[in-house]
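Data block below; observations after.
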Amino acid sequence: MRGLHVALNVTDLDRAAEFYGGLLGLELIDRPLKFPGLWYAIGDWQIHLIVAPQVVNSIQDDRWGRNAHLAIAVDDLETLKTQLTEAGISWQASASGRAAIFAPDPDGNLLEFQQS
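Under our numbering, the first residue of the sequence shown is numbered 1, with each subsequent residue one higher.
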C-alpha cells in the first residue's frame with residue numbers, strides 16, 4: 001500500500017494557486033477532470049484542490065499540531081517562516097520542540113512544515 005494524494009477543499013482557486021503554486025512553489029500538474037480544481041505534485045504524492053462553496057475548518061485545539069493537518073517536508077524551514085510572515089500568514093511552532101511549524105492555507109486547511 002502507498003499514498004497517492006490528499007484532497008483539500010478551497011473556495012477560491014486563484015487565491016489557492018497563489019499560496020500552493022506561488023508561495024510554496026509546488027508544481028502544477030495536469031488534471032483530467034472537468035469540475036473546478038487544481039492538482040499539485042509534492043514528491044510522489046499529489047495535492048488535489050477541489051472548489052467548495054465553503055470550507056469547514058477542523059481546528060479543535062489551540063495547539064495546531066493536535067488538529068487534522070497535512071505534513072510536508074521542506075528544505076529550508078527558516079526561509080518558509082519568513083515567506084509566510086511576509087505574506088501575512090500566521091504560523092505556530094510545534095509544541096514538541098521539533099523543527100516544524102503549522103500554518104493554515106487561505107481557506108484554513110492546516111499544514112505542517114517539517115525541516116527535512
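Just so it is clear, CB atoms sit at the ideal spot from N, CA and C, and this is done for glycine as well.
message = Strictly under 8 angstroms for the Cβ-Cβ distance: is Leu-110 near chain D by that measure?
response = Considering every chain present, this structure includes no chain D. It has just one protein chain.
request  = Given a cut-off of 8 angstroms, decide if Thr-11 and Ala-52 are closer than it, judged by their beta-carbon atoms.
outcome  = One-based indexing of the sequence shown puts residue 52 at position 52. One-based indexing of the sequence shown puts residue 11 at position 11. Yes.
task = May I have the straight-line CA-CA distance separating Phe-113 from Ile-101, to the nearest angstrom?
result = Against the sequence shown, residue 113 aligns to sequence position 113. Against the sequence shown, residue 101 aligns to sequence position 101. Rounded to whole angstroms, Phe-113 to Ile-101 spans 5 angstroms at the Cα level.
query = Should Pro-32 be labelled buried (16 or more other beta-carbon atoms within 10 Å of its own) or exposed?
reply = As a working mapping, residue 32 is identified with position 32 in the sequence shown. Counting Cβ neighbours within 10 Å, Pro-32 comes out exposed, since fewer than 16 surround it.
key: Distance between Arg-2 and Thr-117 (C-alpha atoms, nearest Å)   = Because the chain spans 1 through 116 in this model, residue 117 falls outside it and cannot be assessed.
message = With DSSP as the reference, identify every bridge partner of Glu-112, one or two as the case may be.
response = On the sequence shown, position 112 is the one that residue 112 refers to. Note: Glu-112 sits in a beta bridge opposite Ala-71 and Phe-102.
query = Cα separation between Asp-62 and Leu-111?
reply = Along the sequence shown, one-based indexing puts residue 62 at 62. Along the sequence shown, one-based indexing puts residue 111 at 111. Taking the straight line from one Cα to the other gives about 15 angstroms.
key: Proximity below 8 angstroms, CB of Ile-89 to CB of Ile-42   = Stepping through the sequence shown from its first residue, residue 89 is reached at position 89. Stepping through the sequence shown from its first residue, residue 42 is reached at position 42. Not closer than 8 angstroms, so no.
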